[in-house]
Amino acid sequence: MSGDNFTVVVEFILLGFSDLPNMQGFLFGVFLVIYLCILIGNGLLIVITKIDPGLQTPMYFFLGNFSFLEICYTSVTIPRMLADLWTHKGTISFLACAVQACFLYILGAAECLLLAGMAYDRYVAICKPLYYPLIMNHKVCVQLVVASWVVGVPVLVEETYQIFSLNFCGPNKLNHVFCDAQPLIELVCGDTYQRQISVHVAALIFVITPFLLILISYVKIITTILRLPSTSGVFKAFSTCSSHLMVVGLFYGSGSIVYLWPKSSHSAGSVKVFALFYTTVTPLFNPIIYSLRNKDVIAALRKLLPK
């Protein structure tokens, strides 16, 4: 755009934690520790699911891929956040912002779809145990993982392109910790109603649809579990699903608040908190949840790590 009354936006300023100037150093330390814990914890899960003979099952195949996805997902936002806290600068170029947003959407959609695949795996294991090796063979598992990674790419690349093709003609301060659709749309000149609808539709497709599949899977799982004759069988079946359910609740709960709730129902500060929750806290808790509640993982970690 050109003209006396308009300014071409070539970069954005991520306000992040600029309202806490005296906490920048402390926050840098906190997020650095969190990022290192995410890398180490999820990295250990990847290693043990690859090398331990007792973990060569579909459930742990999905867990290893999910841990790798968590590392990629957090690496899109946290390193940039750490750099901004260290330099006290929040500037990000227009292109870098678009790339960050695009990868954030693609990896977020992949996580939703992979969680749905993991729920399907648990459904087959509990509801159709005799057919489990046949249905969840290695080829099917690989296909489900690959589909989780690639199915949303065309749609979300196009969605990102449409967002960054809008008219950014003046203010360039994003009141957020990373480039995201909602704060970006607030900076657009002109009517943004159609684009906001498009963002919500994409969220419904890649957030609500996998969630409904997870919900259906667990309704059938719970129905099957309640029919089991022995208490020990019920407890064992619930224990294999509880870790996955906890991760689903953390990720979907915070993500839905940010993307699906009406804008007027929460402040910019609360949006930042919930955004940090699903991009940082969930990947941090993932290895903890699966380790503390899984005897096979604990045994594999004991064999791998020095006493």
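Here the sequence shown is numbered in UniProt numbering, starting from 1 and rising by one per residue. A virtual CB, placed ideally from N, CA and C, is assigned to each residue, including glycine. Just so it is clear, the structure is predicted and the values come from calculations on it, not from any experiment.
- Message: In the DSSP output, which residue or residues are listed as bridge partners for F12?
- Response: Position 12 of the sequence shown, counted from the start, is the residue given in the question as residue 12. Looking at the DSSP assignment, F12 forms a beta bridge with I92.
- Task: Have a look at T77 and P229 and give me their C-alpha separation to the nearest angstrom.
- Result: Sequence index remark: in the sequence shown, residue 77 carries index 77 (1-based). Sequence index remark: in the sequence shown, residue 229 carries index 229 (1-based). Spanning the two alpha carbons is a distance of roughly 48 angstroms.
- Item | Spatial distance of A110 from P171 (CA atoms) | Locating residue 110 in the sequence shown gives position 110, counting from the first residue. Locating residue 171 in the sequence shown gives position 171, counting from the first residue. Rounded to whole angstroms, A110 to P171 spans 32 angstroms at the Cα level.
- Length of the line joining the Cα atoms of P183 and V199: Here residue 183 corresponds to residue number 183 of the sequence shown, with the count starting at 1. Here residue 199 corresponds to residue number 199 of the sequence shown, with the count starting at 1. Here the C-alpha atom of P183 lies approximately 12 angstroms from the C-alpha atom of V199.
- Query: Closest to A119 by CA distance: which of A147, L212, I163 and Y161 is it?
  - Reply: Within the sequence shown, the letter at position 119 stands for residue 119. Nearest option by C-alpha distance: L212.
- Task: With a cut-off of 8 angstroms on the beta carbons, I'd call L27 and N175 a contact; round off their distance for me.
- Result: Counting from one through the sequence shown, the residue named residue 27 turns up at place 27. Counting from one through the sequence shown, the residue named residue 175 turns up at place 175. Actually they do not touch by this definition, with Cβ atoms about 16 angstroms apart.
- Item | Cβ shell of I34 (< 7 angstroms), same chain only, five flanking positions each side left out | Translated into the one-based positions of the sequence shown, residue 34 becomes position 34. Non-local beta-carbon contacts of I34 in its own chain, meaning distances under 7 angstroms to residues more than five positions away in sequence, involve T280 and L284 in chain order.
- In its own chain, which residues sit with a C-beta less than 8 angstroms from the C-beta of V177, not counting the 5 before and 5 after it? For the purposes of this step, residue 177 is taken as the residue at position 177 of the sequence shown. Taken in chain order, the residues that qualify are L14, G16, F17, T77, M81, K272, A275 and L276.
- Can D121 and M59 be called in contact, C-beta distance under 8 angstroms? For the purposes of this step, residue 121 is taken as residue 121 along the sequence shown, with counting starting at 1. For the purposes of this step, residue 59 is taken as residue 59 along the sequence shown, with counting starting at 1. In this structure, M59 lies closer than 8 angstroms to D121 by Cβ.
- Let me know the beta strand (DSSP E) ranges lying completely inside the region 81-151, each 3 residues or longer, listed in chain order. Counting whole runs of 3 or more residues, the region 81-151 contains the beta strand (DSSP E) stretches 91-93.
- Any idea what DSSP makes of L304, helix, strand or coil? Position 304 of the sequence shown, counting from 1, holds the residue named residue 304. In this structure, L304 counts as helix in the three-state DSSP scheme.
- So is N5 buried or exposed if we call it buried at 16+ other beta carbons inside 10 Å? Position 5 of the sequence shown holds residue 5. Low confidence applies here, because N5 scores a pLDDT of 49, under 50, leaving its location unreliable and the question unanswered by this model.
- Quick one: is Q162 buried, meaning 16 or more other Cβ sit within 10 Å of its Cβ, or exposed? One-based indexing of the sequence shown puts residue 162 at position 162. Exposed is the call here.
- Task: Give me whichever residues DSSP pairs with L174 in a beta bridge.
- Result: Residue numbering aside, residue 174 sits at position 174 when the sequence shown is read from its first letter. For L174, which the question treats as bridged, DSSP gives the partners L14.
- If A116 sits next to I48, beta carbons under 8 angstroms apart, how far is it from one beta carbon to the other, in whole angstroms? Taking the first residue of the sequence shown as 1, we reach residue 116 at position 116. Taking the first residue of the sequence shown as 1, we reach residue 48 at position 48. The Cβ separation is near 24 angstroms, so there is no contact.
- Message: Here's the rule: buried if 16 or more other CB atoms are within 10 angstroms of the residue's CB, otherwise exposed. What is A152?
- Response: Working through the sequence shown from its first residue, we reach residue 152 at position 152. First, the amino acid is wrong: residue 152 is Gly here, not Ala. Buried.
- State buried or exposed for H244, treating a residue as buried only when at least 16 other CB atoms are found within 10 Å of its CB. Mapped onto the sequence shown, residue 244 falls at position 244. By the Cβ neighbour-count rule, H244 is buried, with 16 or more other Cβ atoms within 10 Å of its own.
- Query: In this structure, does DSSP put residue 323 in helix, strand or coil?
  - Reply: This structure cannot speak to residue 323, because the chain is shown only from 1 to 307.
- Query: Around the Cβ of R195, are there at least 16 other Cβ atoms within 10 angstroms (buried) or fewer (exposed)?
  - Reply: Your numbering for residue 195 matches position 195 in the sequence shown. Label assigned to R195: buried.
- Task: Label L130 either buried or exposed according to how many other C-beta atoms from any shown protein chain fall within 10 Å of its C-beta, with 16 as the threshold for buried.
- Result: The residue you call residue 130 lines up with position 130 of the sequence shown. Label assigned to L130: exposed.
- Task: Give a yes or no on whether the C-beta atoms belonging to S67 and I46 are separated by under 8 angstroms.
- Result: Walking along the sequence shown from the start, residue 67 turns up at place 67. Walking along the sequence shown from the start, residue 46 turns up at place 46. Cβ atoms of S67 and I46: closer than 8 angstroms.
- Task: Let me know if S2 comes out buried or exposed under the rule of 16 or more other beta-carbons within 10 Å of its beta-carbon.
- Result: As a position in the sequence shown, residue 2 is number 2, starting the count at 1. Because S2 carries a pLDDT of 44, less than 50, the predicted location of this residue cannot be relied on, and no value is offered for it.
- Item | P229 - DSSP class collapsed to helix/strand/coil | By 1-based counting over the sequence shown, the position of residue 229 is 229. Correct three-state label for P229: coil.
- Query: How many Å lie between F12 and L204 at the Cα?
  - Reply: Mapped onto the sequence shown, residue 12 falls at position 12. Mapped onto the sequence shown, residue 204 falls at position 204. When rounded, the distance between both Cα atoms is 28 angstroms.
- Query: Under three-state DSSP, which class holds D296?
  - Reply: Here residue 296 refers to the residue found at position 296 when the sequence shown is read from its first residue. Of the three classes helix, strand and coil, the one that applies to D296 here is helix, per DSSP.
- Message: Taking the alpha-carbon of G253 as reference, which of F235, Y278 and C241 has the nearest alpha-carbon?
- Response: Position 253 of the sequence shown, counting from 1, holds the residue named residue 253. Check the Cα spacing between G253 and each of F235, Y278 and C241: the tightest is with Y278.
- Task: Note down, in chain order, each residue of its chain lying with its Cβ closer than 7 angstroms to the Cβ of Y132, except the 5 sequence neighbours on either side.
- Result: As a position in the sequence shown, residue 132 is number 132, starting the count at 1. Hits under 7 angstroms: V124 and A125.
- Message: Given a cut-off of 8 angstroms on the beta-carbon distance, is the pair C97 and C189 in contact?
- Response: If you number the sequence shown from 1, residue 97 lands on position 97. If you number the sequence shown from 1, residue 189 lands on position 189. Cβ distance not < 8 angstroms, so C97 and C189 don't count as in contact.
- Task: Kindly list the residues whose CB is nearer than 6 angstroms to the CB of L104, restricted to its own chain and excluding five residues on each side of it in sequence; keep chain order.
- Result: Counting from one through the sequence shown, the residue named residue 104 turns up at place 104. V76, listed in sequence order.
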